[in-house]
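Presented below is the structure to which this report refers.
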Amino acid sequence: MDKESKKAGSRNASFWATMKAVFWSFFGIRKRSDYEHDSANLNPLHLIVAALIGVLLFIGVLVMLVKIAIAQ
């Protein structure tokens, strides 16, 4: 394992903290200080999984809204 991989794997933010960061980033209203804190502490693997979950939820909500709009 190289030095960067070890550094990324040792980041200690929880998965819930990663989900919150991804949720707020979808809205684009993060403070610069929060961004810097997140980039230093979030686990890249958690970030990828959280982003995929967020995208799937977003697409699911859009599909549901379209079905509701078409049904009426």
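To convert, note that position 3 of the sequence shown is 3 in our numbering; the numbers rise steadily by one, no gaps.
The beta-carbon is built from N, C-alpha and C at its ideal position, and this holds for glycine as well.
> Hey, how far is the Cα of Q72 from the Cα of K20?
Replying inline: One-based indexing of the sequence shown puts residue 72 at position 72. One-based indexing of the sequence shown puts residue 20 at position 20. Distance between the alpha carbons of Q72 and K20: 34 Å.
> Going along the chain, which residues of its own chain have a beta-carbon closer than 6 Å to the beta-carbon of V22, five neighbours each way excluded?
Replying inline: Counting from one through the sequence shown, the residue named residue 22 turns up at place 22. Hits under 6 Å: A50, A51, G54.
>> Using a Cβ-Cβ cutoff of less than 6 Å, which residues in the same chain neighbour W24 once the five nearest sequence positions on both sides are dropped?
In response: Locating residue 24 in the sequence shown gives position 24, where the first residue counts as 1. So the qualifying residues of the chain are R30.
>> Using C-beta distances below 6 Å, list every residue in its chain close to D38, excluding the 5 sequence neighbours before and after it, in chain order.
In response: In the sequence shown, residue 38 corresponds to position 38, counting from 1. If we look at D38 and ignore the five residues flanking it on each side, its Cβ neighbours are A21.
>> Quick check on A40: does DSSP put it in helix, strand or coil?
In response: The residue labelled residue 40 in the question sits at position 40 within the sequence shown. Under the three-state reduction of DSSP output, A40 falls in the helix class.
> Nearest-angstrom Cα distance between V69 and F26?
Replying inline: For the purposes of this step, residue 69 is identified with residue 69 of the sequence shown, where counting begins at 1. For the purposes of this step, residue 26 is identified with residue 26 of the sequence shown, where counting begins at 1. Position check: residue 69 holds Ala in this sequence, whereas Val was assumed. Between A69 and F26, the C-alpha separation is close to 23 Å.
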